[in-house]
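S.K.:
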Amino acid sequence: GAVVSQHPSRVICKSGTSVKIECRSLDFQATTMFWYRQFPKKSLMLMATSNEGSKATYEQGVEKDKFLINHASLTLSTLTVTSAHPEDSSFYICSARVGTTPSEQYFGPGTRLTVT
Amino acid sequence: AQSVTQLGSHVSVSEGALVLLRCNYSSSVPPYLFWYVQYPNQGLQLLLKYTSAATLVKGINGFEAEFKKSETSFHLTKPSAHMSDAAEYFCAVSDRSRGEYGNKLVFGAGTILRVKS
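Chains U and G, in that order, give the protein sequences.
When the letters of the first sequence are read in order and numbered with our numbering, they come out as residues 1 to 116.
When the letters of the second sequence are read in order and numbered with our numbering, they come out as residues 1001 to 1117.
#1: Return the first residue and the last residue of the beta strand (DSSP E) that methionine 33 (chain U) is part of.
#2: Please confirm if leucine 1008 (chain G) has its CB atom under 8 Å from at least one CB of chain U.
#3: Between methionine 33 (chain U) and histidine 71 (chain U), how many whole angstroms is the CB-CB distance? I'm expecting something under 8 Å.
#4: Using a C-beta to C-beta distance shorter than 8 Å, which residues of chain G count as neighbours of isoleucine 93 (chain U)?
#5: On the CB-based measure, 16 or more other CB atoms within 10 Å of its CB, does leucine 1047 (chain G) come out buried or exposed?
#6: Under a CB-based cut-off of 8 Å, is arginine 112 (chain U) close to chain G?
#7: In its own chain, which residues sit with a C-beta less than 8 Å from the C-beta of valine 1011 (chain G), not counting the 5 before and 5 after it?
#8: Using a Cβ-Cβ cut-off of 8 Å, state whether glycine 1120 (chain G) counts as contacting chain U.
#9: Cα separation between serine 50 (chain U) and serine 77 (chain U)?
#10: Quick one, are the C-beta atoms of serine 4 (chain U) and cysteine 13 (chain U) less than 8 Å apart?
#11: Quick check on lysine 55 (chain U) - is its C-beta less than 8 Å from some C-beta in chain G?
#12: With three or more beta-carbon pairs closer than 8 Å as the criterion, would you say the stretch 89-97 of chain U touches the stretch 106-115 of chain U?
#13: Which residue comes first and which comes last in the beta strand (DSSP E) that contains tyrosine 1025 (chain G)?
#14: Can you confirm whether leucine 1105 (chain G), when its beta carbon is compared against all beta carbons of chain U, has any partner nearer than 8 Å?
#15: Spell out whether any CB of chain G is found under 8 Å from the CB atom of threonine 49 (chain U).
#16: Can you give me, in chain order, the residues of the stretch 1081-1094 of chain G that have a beta carbon less than 8 Å from any beta carbon in chain U?
#17: Using a Cβ-Cβ distance cut-off of 8 Å, determine whether glutamate 1100 (chain G) contacts chain U.
#18: Kindly list the residues whose CB is nearer than 6 Å to the CB of proline 86 (chain U), restricted to its own chain and excluding five residues on each side of it in sequence; keep chain order.
#19: With which residues is methionine 45 (chain U) paired in a DSSP beta bridge?
#20: Based on the DSSP secondary-structure assignment, which residues constitute the bridge partners of threonine 1111 (chain G)?
#21: Kindly say whether glycine 61 (chain U), judged by its beta-carbon, lies nearer than 8 Å to any beta-carbon of chain G.
#22: Since proline 109 (chain U) meets chain G, which of its residues come closer than 7 Å, beta carbon to beta carbon?
#23: Applying a beta-carbon distance threshold of less than 9 Å, which residues of chain G neighbour leucine 46 (chain U)?
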């Protein structure tokens, strides 16, 4: 149980294009999903927190107009990197949490984005 | 604000030897603490968590960690390393706030564990 998937696992796009990454909770309903970014040999940085049916809350320094998050259902959240640039190349990981109890988050396998 | 410090970005042990990965935290409120493992190009898998029950927490794959409030530490140990333990390990802290936007995880920088045969 508690499986989170991400699609695609890898994507290469040209500079200036937009890329959408999907995060799905496969066997549970996730009231809250988180999006992280992981730079090479670095830790995870929380980008935003999203709850189903409401606007995402972005962390300080994260451009909300560049990283669009939609949490349309209890099993799906999407992150769209708009007008991607090479500096957006990174490993993006989502996680999902059930309810509001401070339990662990279930992480997806990550998406490797390369912008050329 | 909460923070996590993992001492040692790389730790190397021999197969069968004790594994000790260090984690110190800073938190103005009693924290929840977690250890996650990440294999290359994969997401994170929870090893164990401390949520204010027993201070010695046992996790998967033979790992355990002890919460020491006086030392603000939550070090991860395993008595005997296996080759399959080679991975990157992250310590994380969160607060106890409930609600939609509470309980965010703050991660340490990670420790890469190498296991020598």
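We put the CB at the ideal spot given by N, CA and C, even for glycine.
M.R.: Reading off the structure:
#1: Residue 33 (chain U) sits at position 33 when you count from the first residue of the first sequence. Taken as a continuous stretch (DSSP letters only), the beta strand (DSSP E) holding methionine 33 (chain U) covers 32-38.
#2: Here residue 1008 (chain G) refers to the residue found at position 8 of the second sequence. Reading off the sequence shown, one finds glycine at residue 1008 (chain G), where the question assumed leucine. So, not an interface residue.
#3: Taking the first sequence and counting its residues from 1, one reaches residue 33 (chain U) at position 33. Taking the first sequence and counting its residues from 1, one reaches residue 71 (chain U) at position 71. Cβ atoms of methionine 33 (chain U) and histidine 71 (chain U) come within 8 Å of each other, at about 6 Å.
#4: As a working note, residue 93 (chain U) is residue 93 in the first sequence. Using a Cβ-Cβ cut-off of 8 Å, isoleucine 93 (chain U) is close to Gly1043, Leu1044 of chain G, given in chain order.
#5: Taking the second sequence and counting its residues from 1, the one referred to as residue 1047 (chain G) is at position 47. A residue is called buried once 16 or more other Cβ atoms fall within 10 Å of its Cβ, and leucine 1047 (chain G) is buried on that count.
#6: Reading the first sequence from its first residue, position 112 is the one you call residue 112 (chain U). For arginine 112 (chain U), the answer is yes, since a Cβ of chain G falls inside 8 Å of its Cβ.
#7: The residue given as residue 1011 (chain G) occupies position 11 in the second sequence. The beta carbon of valine 1011 (chain G) sits closer than 8 Å to the beta carbons of Val1019, Leu1020, Leu1021, Thr1111, Ile1112, Leu1113, Arg1114 from its chain, once the five residues preceding and following it are set aside; these are given in chain order.
#8: As displayed, chain G neither begins before 1001 nor continues past 1117, which places residue 1120 (chain G) out of reach and without an answer.
#9: Mapped onto the first sequence, residue 50 (chain U) falls at position 50. Mapped onto the first sequence, residue 77 (chain U) falls at position 77. Going by the C-alpha atoms only, they are around 8 Å apart.
#10: Indexing the first sequence from 1 puts residue 4 (chain U) at position 4. Indexing the first sequence from 1 puts residue 13 (chain U) at position 13. Looking at the sequence itself, residue 4 (chain U) is valine, so the reference to serine does not match. No, they are not a contact pair.
#11: On the first sequence, position 55 is the one that residue 55 (chain U) refers to. Cβ-Cβ to chain G under 8 Å: no for lysine 55 (chain U).
#12: Taking one beta carbon from each stretch, the stretch 89-97 of chain U and the stretch 106-115 of chain U have 3 or more pairs nearer than 8 Å; the two touch.
#13: Residue numbering aside, residue 1025 (chain G) sits at position 25 when the second sequence is read from its first letter. Here the beta strand (DSSP E) through tyrosine 1025 (chain G) covers 1024-1026.
#14: Translated into positions along the second sequence, residue 1105 (chain G) becomes position 105. Cβ-Cβ to chain U under 8 Å: yes for leucine 1105 (chain G).
#15: As a working mapping, residue 49 (chain U) is identified with position 49 in the first sequence. A Cβ of chain G is located within less than 8 Å of the beta carbon of threonine 49 (chain U).
#16: Of all residues in the stretch 1081-1094 of chain G, Phe1090, Ser1094 have a Cβ within less than 8 Å of some Cβ in chain U.
#17: Locating residue 1100 (chain G) in the second sequence gives position 100, where the first residue counts as 1. With a pLDDT of only 49 at glutamate 1100 (chain G), under the threshold of 50, the placement of this residue in the model should not be trusted; the figure read from the coordinates follows. Taking Cβ atoms only, chain U reaches closer than 8 Å to glutamate 1100 (chain G), which makes this a yes.
#18: Working through the first sequence from its first residue, we reach residue 86 (chain U) at position 86. The answer, listed in chain order, is Val115.
#19: For the purposes of this step, residue 45 (chain U) is identified with residue 45 of the first sequence, where counting begins at 1. Methionine 45 (chain U) pairs with U:Arg37.
#20: The sequence position of residue 1111 (chain G) within the second sequence is 111, counting from 1. Among the bridge pairs identified by DSSP, threonine 1111 (chain G) is matched with G:Tyr1089.
#21: Taking the first sequence and counting its residues from 1, the one referred to as residue 61 (chain U) is at position 61. Using a Cβ-Cβ cut-off of 8 Å, glycine 61 (chain U) does not count as an interface residue toward chain G, since no Cβ of chain G sits closer than that to its own.
#22: The residue given as residue 109 (chain U) occupies position 109 in the first sequence. Residues of chain G passing the Cβ test: Gln1042, Gly1043.
#23: Residue numbering aside, residue 46 (chain U) sits at position 46 when the first sequence is read from its first letter. Ordered by position in chain G, the residues that pass the 9 Å Cβ test against leucine 46 (chain U) are Lys1104, Leu1105, Val1106, Phe1107.
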